[in-house]
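Single-structure report; data block below.
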Amino acid sequence: MTIRSNRDHGQHYRPRMFCLKKVSLVGMQDPKNGVKGSEQKLNITVIPHVMTGQDIASWIANFFKMDADEALAMGTMMVAFGYIYPLQNHRKLVLKADDSFYRFQTPYFWPVQKWLAEDIDYAIYLAKRNIRKKGILEPYEQEHYNNFNKWLNHKWDFIVLQAQEQYRAGKERKKADRVVFDCQERAYWIVNRPPVSDVMLHIEFYSTHPQAIMRAKVKSSVSLGAFVKYITTFKNHDPFLSPCLPSNPWQTDDSTYWDINTRSVEIPTKMRVERWSFSFFELLNDPRGRADFKVFLKKEFSGENLAFWEAAEEMKWGAADSMKEKAETTFKTFLAPGAPRWINIDGRTMGLTVKGLEHPHRYVLDAAQTHIFMLMKKDTFYRYLKSPVYKDMQKKAINPEPHNFSEAQLEQNARNRKPGIDPIIIWQQEQEEKAKAAAAAMPVDVKQMMSKLDRKK
Numbered sequence: 053m054t055i056r057s058n059r060d061h062g063q064h065y066r067p068r069m070f071c072l073k074k075v076s077l078v079g080m081q082d083p084k085n086g087v088k089g090s091e092q093k094l095n096i097t098v099i100p101h102v103m104t105g106q107d108i109a110s111w112i113a114n115f116f117k118m119d120a121d122e123a124l125a126m127g128t129m130m131v132a133f134g135y136i137y138p139l140q141n142h143r144k145l146v147l148k149a150d151d152s153f154y155r156f157q158t159p160y161f162w163p164v165q166k167w168l169a170e171d172i173d174y175a176i177y178l179a180k181r182n183i184r185k186k187g188i189l190e191p192y193e194q195e196h197y198n199n200f201n202k203w204l205n206h207k208w209d210f211i212v213l214q215a216q217e218q219y220r221a222g223k224e225r226k227k228a229d230r231v232v233f234d235c236q237e238r239a240y241w242i243v244n245r246p247p248v249s250d251v252m253l254h255i256e257f258y259s260t261h262p263q264a265i266m267r268a269k270v271k272s273s274v275s276l277g278a279f280v281k282y283i284t285t286f287k288n289h290d291p292f293l294s295p296c297l298p299s300n301p302w303q304t305d306d307s308t309y310w311d312i313n314t315r316s317v318e319i320p321t322k323m324r325v326e327r328w329s330f331s332f333f334e335l336l337n338d339p340r341g342r343a344d345f346k347v348f349l350k351k352e353f354s355g356e357n358l359a360f361w362e363a364a365e366e367m368k369w370g371a372a373d374s375m376k377e378k379a380e381t382t383f384k385t386f387l388a389p390g391a392p393r394w395i396n397i398d399g400r401t402m403g404l405t406v407k408g409l410e411h412p413h414r415y416v417l418d419a420a421q422t423h424i425f426m427l428m429k430k431d432t433f434y435r436y437l438k439s440p441v442y443k444d445m446q447k448k449a450i451n452p453e454p455h456n457f458s459e460a461q462l463e464q465n466a467r468n469r470k471p472g473i474d475p476i477i478i479w480q481q482e483q484e485e486k487a488k489a490a491a492a493a494m495p496v497d498v499k500q501m502m503s504k505l506d507r508k509k
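The opening position of the sequence shown corresponds to residue 53 in the numbering used here, with each subsequent residue numbered one higher.
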């Protein structure tokens, strides 16, 4: 289920309509074929149309023909985006496959309505809740209430008046209807104005491993530790947190920083070489680092793995009209029996890849590419970091001294400012270099060349 949202304060969700059709929220509420609901007592009030988490997960699994884990993950996404809300633990926006009670959110509060969650509406809600609870709010609500009292002081009389009118109108409803509406409104604001602790949970939830997205919860100590480690590692490499060396070209009009950090510079900076050791992805993501890694692989006579990985990337991001040709070339070069650069992958992955190449598409090499990537990451990458190739590059790498320009020098830099190179020109130059390298590596058929010369004569 692909539902997109924005959890930032003051912004609303923008899910796509086809997602709602796919999930079939209306079908889930069908009295005959939907999720079965019943009346349940919450405290001392009887609430209608209450479902259990087990019933919701079972309905999703049966309707979409999926296993229990996938159904639970989809149900959790529906709860997290505010289409279903829990009645008991309202701050826990997950679906539990047990006897926990849930209700469908009223369509008025669905994200598809694109109702902008304004601060003034939230202030009215908190003021109304403060009246109903006689000044006893939850800590995070009390903090928001006090802040709104300061920030919206010029509108506070209007906010309190609106809250009193809504509270008075709510008391005229039946008790069951009043409790249901209060739960619906509270669920809406829990989604759109989550407590700070819940915001941190979502940050670590999505910043650890992609597989963690589909889990119901993640240990906060582990994820926050990984988050802190990441910030500590990359802090000195972030131009917003650390100054550019030798100077910021946008401030000094000196292009040295750009010149020494071009994609194919001969001698990179120490900061750049250090970043290669952070992860295998960082090494491959830097064209200069990848070139240095190729030098190491050439000395070890094991360059076929990286060559296959690059071929898979070209097929994934290349032009559609050349996909079939690239698939044939990749098969003959790396996968066919007796191929000149045959790669060593397990039989199951090889079988799936070869079968997929019969009808090639962009991602047909994904399984084999992932296998090769993990192989290089776990073995070759660490041998590269200990090799003389990487250590020599560390020694040769430059460490630029910071510039201390005077006012006169800054004015001179501004007058001598050079026009920037268009990215398209840089891309064309890189393509020409690749073509020259491929032509140099391509074997020459002497007989064919002689026949061409004879035809010309």
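Backbone N, C-alpha and C fix where the C-beta goes; we use that ideal spot for every residue, glycine too.
- Residue range Pro339 to Lys351 is occupied by the alpha helix (DSSP H) that includes Val347.
- In the DSSP assignment, Phe156 is bridged to Ile136.
- The beta carbon of Lys430 sits closer than 8 Å to none of the beta carbons in its chain outside the five residues before and after it.
- Your pair Tyr160 and Ile136 does not check out as a contact, with CB atoms roughly 15 Å apart and the cut at 8 Å.
- Beta-bridge partners assigned by DSSP to Met103: Tyr154.
- Ile183 and Ala419 have their alpha carbons spaced roughly 59 Å apart.
- By the 16-neighbour rule on beta-carbons within 10 angstroms, Asn451 is exposed.
- Bounds of the beta strand (DSSP E) holding Lys93 are Ser90 to Leu94.
- Shown here, Val441 sits in a helix according to DSSP, grouped into three states.
- Counting along the chain, no alpha helix (DSSP H) covers Arg414, and no H or E run does either.
- Under the 8 Å Cβ criterion, the region 211-225 counts as touching the region 170-181, having at least three qualifying pairs.
- In the DSSP secondary-structure assignment, Ile312 is not bridged to any residue.
- In this structure Asp119 is exposed. Its beta-carbon is surrounded by fewer than 16 other beta-carbon atoms within 10 angstroms.
- The beta carbon of Pro454 sits closer than 8 Å to the beta carbons of Pro295, Leu297, Pro298 and Ser299 from its chain, once the five residues preceding and following it are set aside; these are given in chain order.
- If you draw a straight line from the Cα of Asn313 to the Cα of Leu387, it is about 37 Å long.
- Residue state for Ile397 is assigned as coil, using DSSP reduced to three classes.
- In the DSSP annotation of this structure, the continuous segment of the alpha helix (DSSP H) that includes Pro191 starts and ends at Pro191 to Trp203.
- In the DSSP assignment, Gly79 falls within the alpha helix (DSSP H) that extends over Leu77 to Met80.
- Selection Glu318, Lys271, Val317 and Phe330 evaluated against His289 yields Phe330 as nearest (Cα-Cα).
- Secondary structure of Val146 (DSSP, three-state): coil.
- Taking C-beta separations shorter than 6 Å and ignoring five residues to either side along the sequence, the partners of Met130 in its chain run Ile136, following chain order.
- By the C-beta criterion, the region 359-377 is judged to be in contact with the region 410-418, since at least 3 inter-stretch pairs fall below 8 Å.
- When C-alpha distances from Ser354 are compared across Ala125, Ile395 and Glu91, the shortest belongs to Ile395.
- One alpha carbon belongs to Leu462, the other to Trp310, and they sit about 17 Å apart.
- Spanning the alpha carbons of Arg238 and Lys117 requires a straight line of approximately 33 Å.
- Between Met367 and Lys350, the gap from beta carbon to beta carbon reaches 8 Å or more.
- Of the residues assessed, Met426 falls on the exposed side of the cut-off, its CB having fewer than 16 other CB atoms within 10 angstroms.
- Here Val98 is bridged, per DSSP, to Lys93.
- Per DSSP, Ile188 lies in no alpha helix (DSSP H) and is assigned neither H nor E.
- Per DSSP, reduced to three states, the secondary structure at Ile319 is coil, with no helix or strand assignment.
- Our two residues, Gly134 and Phe286, have alpha carbons roughly 35 Å apart in a direct line.
- Apart from sequence neighbours up to five positions away, the residues of its chain that approach Phe332 with a beta-carbon distance below 7 Å are Met428, Lys429 and Phe433, ordered along the chain.
- Cα atoms of Val280 and Lys271: separation of roughly 14 Å, rounded to the nearest angstrom.
- Non-local C-beta neighbours of Thr97 in its own chain, meaning closer than 8 Å and more than five positions away in sequence, comprise Lys227, Ala228 and Val231, ordered along the chain.
- Counting along the chain, the unbroken alpha helix (DSSP H) around Thr381 starts and ends at Met375 to Thr382.
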